[in-house]
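Residues in the sequence shown are numbered from 10 upward in steps of one, following our numbering.
We treat Cβ as the ideally placed atom computed from N, Cα and C, and that holds for glycine.
Quantities reported herein were computed from a predicted structural model and do not represent experimental measurements.
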Amino acid sequence: MNLFGDNERKALEQKMKEEGRLPPGQSLTLKWPVLHYGDVPDFNPATWNFRTAGLVERPIHLSWEEFLNLPRVQVTADFHCVTRWSRFDNHWEGVAFRTIYEMTKPKPEATHVMIHCEEGYTTNVPLADLLEENVLFAFKHDGEPLPPEHGGPLRLVVPKLYAWKSAKWVRGLEFMPHDRPGFWEQNGYHIYGDPWKEQRFDTD
Ligand SMILES: Nc1nc2c(c(=O)[nH]1)N[C@H]1C(S)=C(S)[C@@H](COP(=O)(O)O)O[C@H]1N2
Ligand SMILES: [Mo]
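Structure below.
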């Protein structure tokens, strides 16, 4: 039994609420829950690659080593899961989405992106939202290599949307001329997923 832990949690939650950082219907967690569909995939740095496809001028194909040599950014951001927990002030390090965007040069007709991950997980995000400055492909969290169960070696982080858009084990991007639902979006979740508007389900 932890008599004092929850007081600390509640005090922080109240602080986040007062600062306008707690979206409606969410509660603060001090832990870092692990949540995903399927198994944690194996990572082999010798065969791992990252690709872009669809409406791009220059499809890219990067090895793990090449990916690690791209310019790095650091982002501190909050993380909101649709199952109602929020984790605050996560410190991420990785490669900005904008870096990949500039390398692959999407065609003007590209409006949405399907994120493709290991084992067939997908999620869709409008291109404009991915271009925000705090969107990155992260390989470190709070100074440590991203653990496999949290998406290591590489996950996307899209702080402004519910965390199912922050795809773990990302391997590629497909630039599309219109929106198309990904994995959870085909299974009853909202096509966009704004936590501030509580866009949880496709009926919201
Ligand atoms: N590849 C993949 N990424 C995924 C998921 C998944 O099922 N597969 N689940 C999402 C959901 S619903 C959440 S809340 C976050 C959880 O990330 P965490 O386990 O690091 O807390 O990962 C997201 N990314
Ligand atoms: Mo989630």
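Only counting the same chain, and skipping five residues up and downstream in sequence, which positions put a Cβ closer than 8 angstroms to that of residue i?
i           : result
residue 207 : 32, 33, 34, 213
residue 155 : 147, 148, 149, 161, 162, 163, 164
residue 18  : 37, 38, 39
Once DSSP output is grouped into helix, strand and coil, what is the label at residue i?
i           : result
residue 83  : strand
residue 174 : helix
residue 209 : coil
residue 16  : helix
residue 239 : Absent from the structure is residue 239, since the part of the chain shown begins at 10 and ends at 213.
residue 45  : coil
residue 22  : helix
residue 186 : coil
When the Cα atoms are used, what is the spatial distance from residue i to residue j?
i           : j           : result
residue 173 : residue 44  : 9 angstroms
residue 107 : residue 101 : 16 angstroms
residue 83  : residue 96  : 17 angstroms
residue 41  : residue 94  : 9 angstroms
residue 192 : residue 114 : 26 angstroms
residue 145 : residue 166 : 5 angstroms
residue 66  : residue 119 : 11 angstroms
residue 158 : residue 126 : 14 angstroms
residue 189 : residue 16  : 43 angstroms
residue 198 : residue 132 : 11 angstroms
Can you give me the Cβ contacts of residue i inside the same chain, cut-off strictly under 6 angstroms, excluding the 5 residues immediately before and after it?
i          : result
residue 73 : 54, 57
residue 52 : 162
residue 21 : 37
On the DSSP bridge assignment, give the partners of residue i in chain order.
i           : result
residue 133 : 123
residue 71  : 59
residue 192 : For residue 192, which the question treats as bridged, DSSP gives no partner whatsoever.
residue 115 : 65
Would you check if the distance between the CB atom of residue i and the CB atom of residue j is smaller than 7 angstroms?
i           : j           : result
residue 50  : residue 128 : yes
residue 86  : residue 204 : no
residue 104 : residue 79  : yes
residue 71  : residue 88  : no
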